[in-house]
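My numbering numbers the first residue of the sequence shown as 74 and each following residue consecutively.
Heads up, the beta-carbon is just placed ideally off N, CA and C, and yes, glycines get one too.
In what follows, a single structure is set out as C-alpha cells and then discussed.
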Amino acid sequence: MDRLKSEIEALLYENAADFEIAKVLKKDIKTYFRTLEETFATTGGKDFLVKHTKRIDTLLKLIYKVALRSMFSDYVPMKNSVPVALVALGSYGREQLCVYSDIDLMIVYKDIPGYNIKELIEKILYILWDTGLKLGHRVHTVEELYDVSKTDITIKTALIESRFIDGSHFIWTETENAISQIRHDDPKSFIEAKLEEQADKHKRFPLTMEPNLKEGVGGFRDANLVFWIGKVLYNVNSIKDLPSSIIEEKEYRPFRIALEFLFRVRSALHLATHKKEDRLRLDLIPAIAKLLGYEESKQGHMKFARKVTESLKIIRLYSTIWLERLTYEYMDPPSEKRFIYPKGKDFNAMLKHLCKEAKSPFRAHPTLLRALIDAPRPERPDDALYQTIRTIFYQPYAYSVLSTLSYVRLLRYTIPPIKKVIDLPQFDGYHQYAVDIHSLRSVYHLEHIEEPLLKELYDALGKDERAMLKLVTFLHDSGKGRKRDHHYVGASLFKIFAQKLQMDESLIEQGERLIQYHTLMSNVAQREDLYNEKIIFGFASHFPTKKLLDMIYILTYADMRGVGGDVYNSFNAKLIRTLYKHSLEVLSRTAMLDEAAKRAKKEQALKRHPDFQKLKKSQQNKILQMPSNLLFLRYRPERIIDIAKKAFETKDFTYHISNAAYLTIEIIRADSFNLSYLLGKLSSLEVVNMDISKLFNELKYFKIDFATKVDESEIPLIEQIINDAFDPTKKSIEKIPLIKREDIDIDCEHSKTYAIMHLKSKNQRGLLAYVIDLFDDMGIDIVTAKVHTLKNRVRDMFLIEKNGNFCHNTELIIEKLTTEEAKEN
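Right, here's the structure in full:
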C-alpha cells in the first residue's frame, strides 16, 4: 500500500490527469483482488472482512486526496475546512464488507458558496467509477438527512449504521447529530417495519440446503436486525455491547462462533464465484469447502454443509430470543405478547405444557424457547420423560412441539433416533431440505392433509394408529447417513424407540414395514406400468391389509409434500391414487399376494447378492422384470443368476443335460421349440417335474426332471432329439391319453393378465406331450408350467397368457383334451 501511495504522490506532483491516476488505482485494485484467496487462507472470518474494509477505506482516502489536489492544486485547505465527509453505509459501515459486495458510500456536504463542492463530489465519483470499484452511492446535504430517512425504511437502516471515512470532522459531527435524531424518531414504527420485513424474508428464503446466507432464515440479516434495533434503542456499536439483560455471555459465545463461521463461508462464496453471491448453491459446495480447508470428498462436503445449517439455526435461535427482549415493550399490548414461564419447572414439566398446547397449532414464544434451554433435565431421557415424549405423538398438532424442540436444538436429546440426521444434507437432487427439516415438514403435512380421500383415510385410523403413523413419518429417514440402506436402519431405530414409548407390538411391526418400504409407492407409481398386474401384486404384497395400504398412501403423501416445491403435484397425485385403487382391488386375492410377497423377498436377496451386483444395470433390470414367479419361488438367487447369465449369452438355443441321480434336461431357447416332440420321443421316461418360465428378450427356460437316470450311451441320442425338437416338421404324438372332464380346472379370472389351468389325472405315457402339442397348435402361450407326478397321479399347473386364444376357446380346449374319453363313452 505504501508503494501505491508513493506512486500516487509522484503522479500528483507531475499534475497527471485524473484518468491516469485512476488507471494506476485500477491496476492496484486488480492485483489486490487476485491476492485475496491467499489472505483469506490465513485470516479469520470477521478479521478478513475488517481488513478488506480498511483496504477500501485507504483507497477512498487516496481518491479523496486526488480530488482535492485536482481541485485546489498546491493550495489544498485543511480537510476540516472543506464541508464534505465520506461516510460508509451498510455492511461497509459495519466493517463487514464482503469481497464483491457493493461499496455503499454516502457523501455528506454543505453547499457553501465559493467551494464548488458539487464539482468536487463529481470528481470523486468519476475517479471512483474509473477505478472499476462496484459502488453504491448517495449524496446528501446534512440538512436533508432527516427527511431522507423518512422516505424509506432501508435508507433509515443504512443511516443509523454510518461510519466516518474521511473529510471534515465538523460535517461528520453534524451528520452524527442528524443520525441521532433519526435514531430517536418513532422507534416503534421502525421496529414493527423491520420485524415485518424479516418475516417476509423468512418466507421467501427458508432454510433449505441452498440457503441464502444474507436474507434467509438464520442469515446475516437476522444478526443485523439485532444490531439495528439495539442501535436505535441503546446506540451500541456492536451486538456484544448490548446490556446483559438482553444478551447473556453464555448465549453470545455460540452465536459469535456461528457468525464467525458464516462470515468465512460468505467470503469463500464470493471468492469462488468472483461475484456477489449470497445463495450457497449445491454445485458451489466443493469449491467453497476446499477454500475452508475441508476434505475434498463427499464426506467432507457433507460435513461442511451440515456446519452451515447448524450455524444458521444457532443465529436464528439467539436472534429470535434477543429480538423479543429488545422489542417486547413496543409490541401491542406488551403484557399479552410476552409469555413468562414459571421458574423452577424441569424439562419434563415444560414438555407436558407443550403437549397441552398442541391441541391447536402454535408457535413457541421466545421466552419459552429460552426457558426450555435452561430447564433442568436428566443426562438422557428417563422412563418418566419417555412417557411424556409418547404423548407428543398423540397430539393433533405434534408438529408444533417437535418444531419447538428443533428450534432450541433439543430434538436430538428428546428423540434420540433422530440425532444422526440433525442438519444432515441430502445431495440426491431430489430433497430440498436437510433430513431433520424434511422430517418435520412431513409431519406438518400429515397433520394438514389437503386431499379429501387421504384426510378421510387418516381420520378413520384409531388414535394409537395415528400416533404410530406420526412417529413413522417423523423417523422415516432417521436411518440416513449410514453405510447400510437407510430403509432398514430407520426401521430398526423406529422399533427400538417405539418400544421405549411402550407402543403395541402389532403397531410396531406395521411401523417397521412402513419405514422399510416408505419410498416404494412413489417409485412404483412414477416409474412402473400401473396396468401391469405383476407390478400391482408386487407392490400390494408388501401391504396385504387395507389398513397398511391406507397408511403407506398417507405416508407417501406426507413424505412427498415434505420434500418441497412441486414434487407432489396433480400429475403424480393421480398416479399414486391409481396405484392405491388398483392395489385395493387385489387385496382379497391372498394366494397371489402371498406369491408376490415371496417373489419380492427373493428379489431383495438377489439385489444383495455380489454376483448380481456385478451385472450391468440393464441386465439387473431384465432379471427383476422376468414375468415368471415360478423362477423366483423355486430357485435360490445363485441359480437365478446362473440361468440369466446363460440366457444373456443365448442367440438361438442352448441346453444342458445332467444324469446323476436322475435325468434332467435344461433348455433356454429363443427360436420356436417343439416341446411336444421332445416329450413324445422321451415318453418311455416318466416326467416327475417340469418348469417352464418366461425370461426376457423372448427367451424361455425349460427344466424337465425324469424319474430315473439313463445309460450314458443314450445321452447322444437325447442330444439329437433336443436338436430335432427345433425342427417344426417333426411330430411324435403316437397315442392320445385318457383325460376326463373333471380332471381339468380352468380359471380365466385368475388375474387380469393370466388364466390358469390345473390338470389332475392318472399319469400316462405321452400325457404332457399331448397337452403341450395341443397348446402349440392353438397358439396358446404358456408363461409358467409346473408339472409334478406323485403316486401315479399328475398335478400339473399351467399359467397362460390371455391373448384371446385360451379364454375364448375353453370349451374347445376341454373337448380336444377329452377326445379319448368321448371315444370310450
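Inter-residue CB distance, residue i and residue j (contact presumed, cutoff 8 angstroms)
| i | j | result |
| --- | --- | --- |
| residue 95 | residue 259 | Actually they do not touch by this definition, with Cβ atoms about 43 angstroms apart. |
| residue 468 | residue 432 | 7 angstroms |
| residue 308 | residue 256 | 7 angstroms |
| residue 873 | residue 854 | 7 angstroms |
| residue 494 | residue 700 | That belief does not hold up - the Cβ atoms of residue 494 and residue 700 are roughly 39 angstroms apart, past 8 angstroms. |
| residue 218 | residue 232 | 7 angstroms |
| residue 349 | residue 239 | Not confirmed; about 25 angstroms, so no contact. |
| residue 364 | residue 345 | 6 angstroms |
| residue 517 | residue 590 | In fact, because the Cβ distance is near 23 angstroms, the residues do not count as touching under 8 angstroms. |
| residue 403 | residue 264 | 5 angstroms |
| residue 615 | residue 673 | 6 angstroms |
| residue 208 | residue 175 | 7 angstroms |
Backbone CA spacing between residue i and residue j [nearest angstrom]
| i | j | result |
| --- | --- | --- |
| residue 139 | residue 85 | 7 angstroms |
| residue 779 | residue 685 | 31 angstroms |
| residue 274 | residue 463 | 35 angstroms |
| residue 753 | residue 810 | 12 angstroms |
| residue 706 | residue 531 | 36 angstroms |
| residue 823 | residue 662 | 9 angstroms |
| residue 631 | residue 605 | 26 angstroms |
| residue 819 | residue 552 | 48 angstroms |
| residue 514 | residue 697 | 34 angstroms |
| residue 749 | residue 756 | 10 angstroms |
| residue 849 | residue 611 | 30 angstroms |
| residue 831 | residue 889 | 16 angstroms |
| residue 251 | residue 181 | 11 angstroms |
| residue 466 | residue 426 | 14 angstroms |
| residue 483 | residue 476 | 10 angstroms |
| residue 777 | residue 733 | 14 angstroms |
| residue 215 | residue 423 | 54 angstroms |
| residue 521 | residue 634 | 10 angstroms |
| residue 509 | residue 585 | 19 angstroms |
| residue 501 | residue 654 | 30 angstroms |
| residue 557 | residue 499 | 16 angstroms |
| residue 563 | residue 603 | 28 angstroms |
| residue 745 | residue 801 | 8 angstroms |
Close beta carbons around residue i, own chain, < 8 angstroms, minus the five adjacent residues each side
| i | result |
| --- | --- |
| residue 124 | 112, 116 |
| residue 587 | 542, 545, 549, 621, 624, 625, 628 |
| residue 912 | In this structure the chain extends from 74 to 898, so residue 912 is not present and cannot be described. |
| residue 290 | 275, 278, 279, 280, 284, 385, 389 |
Short Cβ contact (8 angstroms threshold) for residue i with residue j
| i | j | result |
| --- | --- | --- |
| residue 179 | residue 128 | no |
| residue 286 | residue 267 | no |
| residue 320 | residue 245 | no |
| residue 580 | residue 538 | yes |
| residue 353 | residue 338 | yes |
| residue 792 | residue 741 | no |
| residue 343 | residue 597 | no |
| residue 387 | residue 327 | yes |
| residue 421 | residue 445 | no |
| residue 871 | residue 799 | no |
| residue 666 | residue 613 | yes |
| residue 772 | residue 720 | yes |
| residue 758 | residue 790 | no |
| residue 153 | residue 242 | yes |
| residue 177 | residue 193 | no |
| residue 109 | residue 137 | no |
| residue 728 | residue 738 | yes |
| residue 861 | residue 762 | yes |
| residue 619 | residue 660 | yes |
Cutoff 6 angstroms; reference residue i; Cβ partners in own chain excluding five residues on either side
| i | result |
| --- | --- |
| residue 382 | 496, 507 |
| residue 324 | 391 |
Proximal residues to residue i (C-beta, below 7 angstroms), its chain only, five neighbours per side dropped
| i | result |
| --- | --- |
| residue 147 | none |
| residue 306 | 260, 399 |
| residue 878 | 851, 852, 853 |
Problem - beta strand (DSSP E) runs wholly inside the region 779 to 852, at least 3 long, in chain order - result: 817 to 820, 827 to 835
Handout entry: In chain order, each beta strand (DSSP E) run of at least 3 residues that lies wholly inside the region 648 to 731
Key = none
Practice task
With a floor of 4 residues, list each alpha helix (DSSP H) that falls wholly inside the region 487 to 530, ordered by position along the chain.
Solution key: 508 to 520
Exercise for the section: May I have a chain-ordered list of the alpha helix (DSSP H) segments no shorter than 4 residues that lie completely inside the region 106 to 184? Expected result: 109 to 114, 118 to 145, 163 to 166
Handout entry: Minimum length 4: unbroken alpha helix (DSSP H) runs contained in the region 550 to 577
Key = 559 to 573
Problem - Complete alpha helix (DSSP H) runs within the region 417 to 465 (minimum length 4 residues, chain order) - result: The qualifying runs are 420 to 430, 439 to 447, 456 to 465.
Exercise for the section: May I have a chain-ordered list of the alpha helix (DSSP H) segments no shorter than 4 residues that lie completely inside the region 742 to 771? Expected result: 748 to 754
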